[in-house]
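Q:
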Amino acid sequence: MVFQVYDTIQIQRSEYESYGFTTVSGLGPVPMAAGQTSYEVVDYSGDASHWYRYRYYSSVTSIYSAWSPPFVGGDREIFFNPLYPPEVLYGDAEHRIISKIRRLIGDPIGIRREYGDDAVSSIHPDNRTYELDEKGWPASVHVAGVPFNSFVNPTVNDYKYLRFVNVDIAATTWSGCEERGMDVWYYTFRNSDREIMEAYDSCSIPVGLDASLMTSEVCLLQTSIELLYKELFEDSTEDGAKIADERTRYDPTPGLENRRHLLDRLNNRLDDLIKRLRLLRIEGVLID
Numbered sequence: 042m043v044f045q046v047y048d049t050i051q052i053q054r055s056e057y058e059s060y061g062f063t064t065v066s067g068l069g070p071v072p073m074a075a076g077q078t079s080y081e082v083v084d085y086s087g088d089a090s091h092w093y094r095y096r097y098y099s100s101v102t103s104i105y106s107a108w109s110p111p112f113v114g115g116d117r118e119i120f121f122n123p124l125y126p127p128e129v130l131y132g133d134a135e136h137r138i139i140s141k142i143r144r145l146i147g148d149p150i151g152i153r154r155e156y157g158d159d160a161v162s163s164i165h166p167d168n169r170t171y172e173l174d175e176k177g178w179p180a181s182v183h184v185a186g187v188p189f190n191s192f193v194n195p196t197v198n199d200y201k202y203l204r205f206v207n208v209d210i211a212a213t214t215w216s217g218c219e220e221r222g223m224d225v226w227y228y229t230f231r232n233s234d235r236e237i238m239e240a241y242d243s244c245s246i247p248v249g250l251d252a253s254l255m256t257s258e259v260c261l262l263q264t265s266i267e268l269l270y271k272e273l274f275e276d277s278t279e280d281g282a283k284i285a286d287e288r289t290r291y292d293p294t295p296g297l298e299n300r301r302h303l304l305d306r307l308n309n310r311l312d313d314l315i316k317r318l319r320l321l322r323i324e325g326v327l328i329d
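Just so you know, we're using our numbering here: the sequence shown kicks off at 42 and counts up by one.
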């Protein structure tokens, strides 16, 4: 893990994506703490157009990691370097699209850890399948201290199941290893990066426009609306019932209502944008 090698996060800022990065007073360095998986830094002198990058540093050994890819402030949280490969390797342009849509639909990336005794109940009876508590994608997978961080072992099914090959994950002790069991770090989300980009690439043309008026802003809003519609339908059919007994009560109504309000706001924004774009086409002279 990163904390075993480094103890500090260094941050730099620039007005440009590819050059001009400098250390800014008040923007770090950030001391790392055992057990902490994400760090939030506020740049009070920055603005939404600034670019940032970070790297890890050891004050004991003076060892530095490589700089992270540049990102716009607010687009990402700072996590440890992932070991398990991403589902799809996207470029900076795609990451900006994904980040904008995540902000529009309220679906930020989170990170979660499942390990020790709490992870035992998630192992299926075949001793080859591990079920994540939330929808997500692995960042780091260890079994009894041994890393498993390749696409082929474990494979990820439906963002929920890790399927191991020739590994009995119920056996927590391996020869020569300390007893540690399952230890899984994974990113959490409602929509994966791949699902967001596939929705964006297949974005439908809104009623009232034609292909010549499909701007990037229209496609961002339309994609966000379609994703929220899909989520609302799935949530209302799968988890939309109220459940109550003598001790517990489950009511999904507030969450569904919040998502409906967000959907209404996005629809209103798209309607206003469509009206403005259609007005740009009006030509001629009014004769009264």
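Built from N, CA and C at the ideal position, the CB exists for glycine as well.
Nothing here was measured: the structure is a model prediction, and the numbers come from that model.
For the beta strand (DSSP E) that A180 lies in, which residues bound it at each end?
A: It spans 177–184 - the beta strand (DSSP E) in which A180 sits, taken as one unbroken run.
Q: Mapping the DSSP letters down to three states, classify L261 as helix, strand or coil.
A: It is helical.
Q: So what does DSSP say about R300, is it helix, strand or coil?
A: Looking at R300 - three-state DSSP - the assignment turns out to be helix.
Q: P195 to D48, Cα distance in whole Å?
A: Approximately 30 Å, taken between the alpha carbons.
Q: Judging by CA-CA distance, which residue of R231, P110, G151 is the nearest neighbour of R275?
A: Per the sequence presented here, residue 275 reads as Glu, with Arg not at that position. Answer by Cα proximity: R231.
Q: Count the other CB atoms within 10 Å of the CB of A180; is the residue buried (16 or more) or exposed (fewer)?
A: With 16 or more other Cβ atoms within 10 Å, it is buried.
Q: Helix, strand or coil: how does DSSP classify N168 here?
A: In this structure, N168 counts as coil in the three-state DSSP scheme.
Q: My assumption, with CB atoms under 8 Å, is that L145 sits in contact with L314. Please give the rounded CB distance.
A: That pair is no contact at about 13 Å.
Q: Between which two residues does the alpha helix (DSSP H) harbouring I146 extend?
A: Taken as a continuous stretch (DSSP letters only), the alpha helix (DSSP H) holding I146 covers 133–146.
Q: Near I237, what residues of its chain come up, given a Cβ to Cβ distance below 6 Å and the 5 sequence neighbours on each side ignored?
A: Within the same chain, I237 has close Cβ partners I139, I142.
Q: Mapping DSSP to helix, strand and coil, what is R306?
A: Correct three-state label for R306: helix.
Q: Under 8 Å, with one C-beta from each stretch per pair, do the stretch 196–210 and the stretch 103–116 reach the 3-pair mark?
A: The stretch 196–210 is not in contact with the stretch 103–116.
Q: Rounding to the nearest angstrom, what Cα-Cα distance links R54 and Y105 in this structure?
A: Straight-line Cα distance between these residues: approximately 18 Å.
Q: Pull up the distance between the alpha-carbon of G69 and that of G87, whole angstroms please.
A: Each residue's Cα considered, the two are about 13 Å apart.
Q: Which residue from G132, Y270, I152, S191 puts its Cα closest to that of H302?
A: The candidate whose alpha carbon is nearest that of H302 is Y270.
Q: With distances taken Cα to Cα, identify the nearest neighbour of S103 among G157, V65, S90, V46.
A: The residue with the shortest Cα to Cα distance from S103 is V46.
Q: Tell me the DSSP secondary structure of E272 in three-state form.
A: It is helical.
Q: Look at the alpha carbon of E257 and the alpha carbon of L318, and state the distance between them as a whole number of angstroms.
A: The sequence shown places Ser at residue 257, rather than the Glu named in the question. Each residue's alpha carbon lies about 12 Å from the other.
Q: Taking P126 and F189 to be in contact with their CB atoms under 8 Å, please state how far apart those CB atoms are, rounded to whole angstroms.
A: About 12 Å; that fails the 8 Å criterion.
Q: Just to confirm my understanding: we take D148, look at its own chain, exclude 5 residues before and 5 after, and list those with CB closer than 7 Å. What are they?
A: Excluding residues within five positions, the ones whose Cβ falls inside 7 Å are F230, R231, N232.
Q: Pull up the distance between the alpha-carbon of G151 and that of S99, whole angstroms please.
A: Roughly 26 Å between the two C-alpha positions.
Q: In terms of residue numbering, what span does the beta strand (DSSP E) encompassing V197 cover?
A: That run of the beta strand (DSSP E) goes 196–198.
Q: Considering only C-alpha positions, which residue in the set R235, F112, Y97, A185 is nearest to L130?
A: Among R235, F112, Y97, A185, the Cα nearest to that of L130 belongs to R235.
Q: Nearest-angstrom Cα distance between A282 and G67?
A: Interpretation of A282 is limited by its pLDDT of 45, a score under 50 that renders its predicted location unreliable; no figure is taken from the coordinates.
Q: Quick one: what's got a C-beta closer than 7 Å to E272's C-beta in the same chain, skipping five residues either side?
A: So the list reads R231, R300, once near-sequence residues are dropped.
Q: Could you spell out where the beta strand (DSSP E) holding R52 opens and where it closes?
A: The displayed chain sequence assigns Ile, not Arg, to residue 52. I52 -> beta strand (DSSP E) spans 49–55.
Q: Starting from I210, trace the alpha helix (DSSP H) both ways and give me its first and last residue.
A: Looking at the DSSP string, I210 is not in any alpha helix (DSSP H), and its letter there is neither H nor E.
Q: Checking the sheet assignment: what are the DSSP bridge partners for W92?
A: DSSP output for W92 lists S55, V113 as bridge partner(s).
Q: Taking E172 as the reference, which of Y156, Y85, A185 has the closest Cα?
A: Ranking Y156, Y85, A185 by Cα distance to E172 puts Y156 first.
Q: From the DSSP output, which residues share a beta bridge with L311?
A: According to DSSP, L311 bridges with nothing at all.
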